[in-house]
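The sequence shown lines up with residues -27 to -1, 1 to 96 when you count with mature numbering (1 follows the signal peptide of the UniProt record, and there is no 0).
I have placed the structure first, in the form of structure tokens, so that the comments after it can refer back to it.
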Amino acid sequence: MKSRNLVLAAAGLGLALSGLVPAVASAETSGDVSVQDVHRKSANCASPSGQKINISWGDGSVTTTVYYNNHCNQARAIELEFVRENGERFNKCFVAPRRSQGDKKIDNSNPNKVSILNRATCP
């Protein structure tokens, strides 16, 4: 009985190891794939007490998508600041409705600064 269990264990190990070889070989990349950082920010709600609005966004190469989850009873504006190659700064803004979650795609990439404003309107 012990030799049968040993044979089955060895066979299982062989199958497990043979399954790893293709996965390891396919894990190599050509070097032109980049890892995008994910950033997160949150702010307290005026009401209800103890709740927050949470946002996250990544460093896209063409666009920036901001994901939001607003637990507040108030809508909140989210403002992104971008910097052009010539150094000129410009802002994009949108409003996250109260008690909602979703996302907003912005047609610019790599924001310099992202702010959750204490109001429900964009400047």
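Idealized CB from N, CA, C, for every residue including glycine.
On a predicted model such as this, the values are computed, not experimentally measured, just so you know.
From what residue to what residue does the beta strand (DSSP E) around residue i run?
i, result
"S29", "K25 to G31"
"R72", "Run containing R72: none; DSSP gives neither H nor E here."
"L53", "R49 to V56"
"S88", "K86 to I89"
"V35", "Element bounds for V35: n/a, residue is neither H nor E."
"R13", "V11 to N17"
Within 10 angstroms of its Cβ, does residue i collect 16 or more other Cβ (buried), or is it exposed?
i, result
"A19", "exposed"
"V39", "buried"
"P84", "buried"
"A(-3)", "With a pLDDT of 41 at A(-3), under the threshold of 50, the predicted position of this residue should be treated as unreliable, though the coordinate-derived value follows. Flag for A(-3) reads exposed."
"R92", "exposed"
Grab me the residues of residue i's own chain with a C-beta within less than 8 Å of its C-beta, minus the 5 sequence neighbours each way, in chain order.
i, result
"C95", "A50, E52, C66, F67 and V68"
"P70", "N43 and A48"
"R62", "E54, F55, V56 and N85"
"L(-15)", "Because L(-15) carries a pLDDT of 46, less than 50, the predicted location of this residue cannot be relied on, and the following value inherits that uncertainty. So the list is empty, once near-sequence residues are dropped."
What residue from the options has the CA that sits closest to residue i's CA?
i, options, result
"K25", "D10, D32, V11 and H44", "H44"
"A48", "G31, N27 and S34", "N27"
"T36", "A93, A16, D76 and G23", "D76"
"S73", "N17, G23 and N42", "N42"
I'd like the list of long-range same chain contacts for residue i, defined as Cβ closer than 7 Å, with 5 residues on each side in sequence excluded.
i, result
"K14", "I28, V87 and I89"
Skipping 5 residues on each side, what residues in its chain have a beta carbon closer than 6 Å to that of residue i?
i, result
"G33", "S82"
"W30", "H12, T37 and V39"
Checklist entry - Do the region 52 to 63 and the region 9 to 18 meet, that is, are 3 or more Cβ pairs less than 8 Å apart? => result no
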